[in-house]
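Numbering (the numbering used here), first residue to last: 7 to 75. All C-beta atoms, glycine included, are put in the ideal place defined by N, C-alpha and C.
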């Protein structure tokens, strides 16, 4: 959805940036968390890329595709 999604050490905007995922990068979703920020909630996904780098990305920065059944 965005040209570069920022992967962080944790599901917070203040968490340290680990790396960026470029548009088209395929990742596997490992976990999901909702975090309250003031009166709003943010949804975060913990992902792993092909290089086995993990990180937390805001869910609105990527598209989640369901596996074929």
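Quick one: Cα of residue i to Cα of residue j, how far?
i: residue 52; j: residue 22; result: 14 Å
i: residue 69; j: residue 18; result: 19 Å
i: residue 36; j: residue 60; result: 9 Å
i: residue 56; j: residue 49; result: 23 Å
i: residue 8; j: residue 58; result: 21 Å
Run through the DSSP bridge pairs and tell me what residue i is partnered with.
i: residue 60; result: 54
i: residue 37; result: 52
i: residue 12; result: 26
i: residue 43; result: 46
Give the secondary structure of residue i by DSSP, where H, G and I count as helix, E and B as strand, and everything else as coil.
i: residue 66; result: helix
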